[in-house]
Amino acid sequence: GLEKNYTKDEILEMYLNVIYFGKGIYGIKQACLQLYGKKPDEITPLEAASLAATVANPARYSVLFHYANNLDRSRTVLSLMNKQGYLSDSEFTSACASNLVINYNDFHNNYAENYRNLVLFEYQNMVPNVNYNKYKKPFFIYTKFDAKAQHHADRALLNYANDIRDTIPSVQAELLLAENKTGAIIAAASLGNHKKSFSTKRQPGSLLKPFIYASAIEEGRLLPDSPILDEPIHIDGYSPTNYHNRYSGWTTAKQALSQSSNTCAVKILQEIGIQKASDRLQRCGIPLCERDKTPALALGGTTYGSSVQEICNGYLCIANGGMPVPAKCIRKITDANGNVIYKAKAARTDRAFSKETAYLTTTMLKETAKTGTAKQLSPLSFDIAAKTGTVAKGNGNSDAWCAGYTTEHTFVCRYSANTLPNKVTGGNHPTKTVRSLLRSIYSTRTPMPFSAPNGVKQISVNKNIKDNLHILIPYEQSPVGARENILSFGKYTFLKADPNELFLRNFTVQKTITGAIITFDIFPNVTYQASVNGNIIPIEENGIKIKSGKFPLIRLDIVCSNEGQILHKATKIIRL
């Protein structure tokens, strides 16, 4: 026990250094400074009694909120001090006759309270790894706290949270802002239970989708412009549906993520394998458990949920080109002599994704911020990558998120309650809160635009084939009709098939007495037109019938099209 290692006076000193006085005030020194503007050895007996009265129950006896209760109990404390010989009769009479004058100083409180609580929580969780007695001697914690950013974050959160508090007083809301390069949290705003807000795990919803897409890109199975069919699906009894049961049909991966398609995300997860996606999520700093390895992972369906700080870890990873960078407040801790007793670890060197994958994922999240579920950010004039998440519950929602980054900062905003109004979705209050924050942060400057790494290349594909057959084929393989430029990188493997093999699969020539019958597999949704030596001939159910002429060689031209768009032209020279 403590008694074996410390004297009673030392234990009392430890207690006084951490005891809570309400309104985010911890420790006797801070209480004296903030409530009375004095050092501990400067306060009066009545002020000391007031502090002693508070600690019994800060919620009931706080001098800031319950002055009369505090003053009444303070006089009880003074009476006990007199009876036990700590105050003379004259000192007791003088103290009881004096007024308790509050000189409240907010310099360490109010807007900094949320940030300080996050620092304390972070410190308490690292104590076993720090060989230093936090109570015995003075020590100093260094952060990258930005007072202006904190002010902007608090104001942004309150502006939009007040819209909900009138109907849902229990609503919780958090807003986190971190530096991309270091992962240093520079602002942390919270509404509700300040002590637990940033560590509370809630269902992240669609915020996990970008990591599923990124995993598929990293495996060389997906590009932002890859066609994908948005449709109802059924997987071993699991039947995810889209919001309001709306399906886009054939679309691109970029648009599917932008519109937050549930079925497309599950399809992609099934394509690459749940284990690979799970591994990459955890390498990004988002913890999972074995029970999370189900198709529902694509939609953020996890056992324990994620905290705001964990989601910040994940988006910091993409913002840093696939390099994991943990979101932390504390940069270092020193003793009174300046000796470093703890220093934040540098970013890990084991990548979760390549730079190319991170950038291609960013291009998709840029689209989300422009035209997708995070389009409330579109009025801002600089590059933003963002994703929203909404967790439905009954006839309302339980959680609404917006997370993303610029080239300088990563942000996460979450609103939560047992039941939120239907209007509180990820694309509404959280995204508007982020918009307000970023508009203030970058009011006098703009962050640099996102830039592509050397490995990302722009290539041309056959647009007609992409739009009609939903296949990506480099234009040089089928240089007919329109072309479209898309972004690609080395890991992606395009379909290498000869277009003749694609459109004229199983092409055969069967000679007959009068000529020949030519057959091949008809590609769905493709119109075929054939001509022999320039003359159009019909394509019958059992093939193309060609009659012998004067010459042993004939030229067969076949044009493949869809709704008037030419997809492919093929020429065959046939000897009869």
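Numbering follows the working numbering, in which position 541 of the sequence shown is assigned residue number 527; successive positions increment by one, without gaps.
The beta carbon of each residue, even a glycine, is placed where N, CA and C say it ideally should be.
Small disclaimer: the values here were computed from a predicted structure and weren't measured.
So what's residue i in DSSP terms, helix, strand or just coil?
{"i": "residue 191", "result": "helix"}
{"i": "residue 5", "result": "coil"}
{"i": "residue 107", "result": "helix"}
{"i": "residue 165", "result": "strand"}
{"i": "residue 545", "result": "strand"}
{"i": "residue 326", "result": "strand"}
{"i": "residue 155", "result": "coil"}
{"i": "residue 25", "result": "coil"}
{"i": "residue 246", "result": "coil"}
{"i": "residue 402", "result": "strand"}
{"i": "residue 343", "result": "helix"}
{"i": "residue 63", "result": "helix"}
{"i": "residue 58", "result": "helix"}
{"i": "residue 306", "result": "coil"}
{"i": "residue 300", "result": "helix"}
{"i": "residue 526", "result": "strand"}
{"i": "residue 12", "result": "strand"}
{"i": "residue 95", "result": "Note on residue 95: pLDDT 47, under 50, position unreliable in the model; no value is reported."}
{"i": "residue 433", "result": "coil"}
{"i": "residue 137", "result": "helix"}
{"i": "residue 207", "result": "coil"}
{"i": "residue 532", "result": "strand"}
{"i": "residue 40", "result": "helix"}
{"i": "residue 561", "result": "strand"}
{"i": "residue 142", "result": "helix"}
{"i": "residue 466", "result": "coil"}
{"i": "residue -6", "result": "helix"}
{"i": "residue 479", "result": "coil"}
Using CA coordinates, which residue listed in the options is at the minimum distance from residue i?
{"i": "residue 150", "options": "517, 408, 562", "result": "408"}
{"i": "residue 469", "options": "439, 451, 366, 305", "result": "451"}
{"i": "residue 513", "options": "524, 330, 504", "result": "524"}
{"i": "residue 279", "options": "25, 72, 357, 260", "result": "260"}
{"i": "residue 545", "options": "509, 361, 534", "result": "509"}
{"i": "residue 27", "options": "20, 323, 15, 291", "result": "15"}
{"i": "residue 553", "options": "-2, 419, 457", "result": "457"}
{"i": "residue 269", "options": "72, 235, 277, 335", "result": "335"}
{"i": "residue 423", "options": "0, 143, 477, 532", "result": "143"}
{"i": "residue 527", "options": "398, 504, 486", "result": "504"}
{"i": "residue 125", "options": "44, 328, 304", "result": "328"}
{"i": "residue 112", "options": "353, 317, 188, 154", "result": "317"}
{"i": "residue 479", "options": "207, 10, 465", "result": "207"}
{"i": "residue 555", "options": "247, 522, 516, 10", "result": "516"}
{"i": "residue 489", "options": "-10, 455, 155, 129", "result": "455"}
{"i": "residue 267", "options": "304, 245, 244, 246", "result": "304"}
{"i": "residue 381", "options": "404, 160, 493, 71", "result": "404"}
{"i": "residue 550", "options": "522, 229, 511", "result": "511"}
{"i": "residue 325", "options": "87, 128, 54, 235", "result": "128"}
{"i": "residue 331", "options": "319, 44, 338", "result": "319"}
{"i": "residue 292", "options": "274, 307, 202, 281", "result": "274"}
{"i": "residue 364", "options": "499, 339, 420, 230", "result": "420"}
To which residues does DSSP link residue i through a beta bridge?
{"i": "residue 444", "result": "473"}
{"i": "residue 125", "result": "321"}
{"i": "residue 314", "result": "170"}
{"i": "residue 419", "result": "Beta-bridge pairing links residue 419 to no other residue."}
{"i": "residue 521", "result": "518"}
{"i": "residue 235", "result": "216"}
{"i": "residue 224", "result": "221"}
{"i": "residue 397", "result": "163, 390"}
{"i": "residue 331", "result": "In DSSP, residue 331 forms no bridge with anything."}
{"i": "residue 556", "result": "544"}
{"i": "residue 460", "result": "447"}
{"i": "residue 495", "result": "504"}
Could you tell me if the beta carbon of residue i falls within a distance shorter than 8 angstroms of some heavy atom in the ligand COA?
{"i": "residue 351", "result": "For the structure depicted, the ligand COA is absent and the ligand set is empty, with no information on it obtainable."}
Between residue i and chain D, is the shortest Cβ-Cβ distance under 9 angstroms, so that the two count as touching?
{"i": "residue 377", "result": "This model lacks chain D altogether, as it is built from one protein chain only."}
Can you confirm whether the stretch 167 to 175 touches the stretch 342 to 351 when touching is taken to mean that 3 or more C-beta pairs between the two stretches lie within less than 8 angstroms? no
Quick test of the definition: if touching needs 3 or more C-beta pairs under 8 angstroms, does the stretch 439 to 447 touch the stretch 401 to 415? no
Contact between the stretch 62 to 79 and the stretch 97 to 109 (3+ Cβ pairs under 8 angstroms): no
Are there three or more Cβ pairs, one per stretch, closer than 8 angstroms when the stretch 335 to 344 is compared with the stretch 136 to 149? no
Is the stretch 385 to 393 touching the stretch 289 to 306, taking contact as three or more C-beta pairs under 8 angstroms? yes
Is there contact here, the stretch 240 to 256 with the stretch 268 to 285, by at least three beta-carbon pairs under 8 angstroms? yes
Does the stretch 209 to 219 come close enough to the stretch 235 to 243 to have 3 or more Cβ pairs within less than 8 angstroms? yes
Evaluate contact between the stretch 156 to 168 and the stretch 306 to 315, counting only Cβ atoms and requiring at least three cross-stretch pairs below 8 angstroms. yes
Assess, as a yes-or-no matter, whether the stretch 365 to 377 is touched by the stretch 417 to 433 under the definition of 3 or more beta carbon pairs within less than 8 angstroms. yes
Does the structure place the stretch 457 to 467 close enough to the stretch 411 to 430 that three or more beta carbon pairs sit under 8 angstroms? no
Whole beta strand (DSSP E) runs in the stretch 347 to 395 with 3 or more residues, listed along the chain? 371 to 379, 382 to 391
Between the stretch 54 to 73 and the stretch 9 to 23, can you find at least three pairs of beta-carbon atoms closer than 8 angstroms? no
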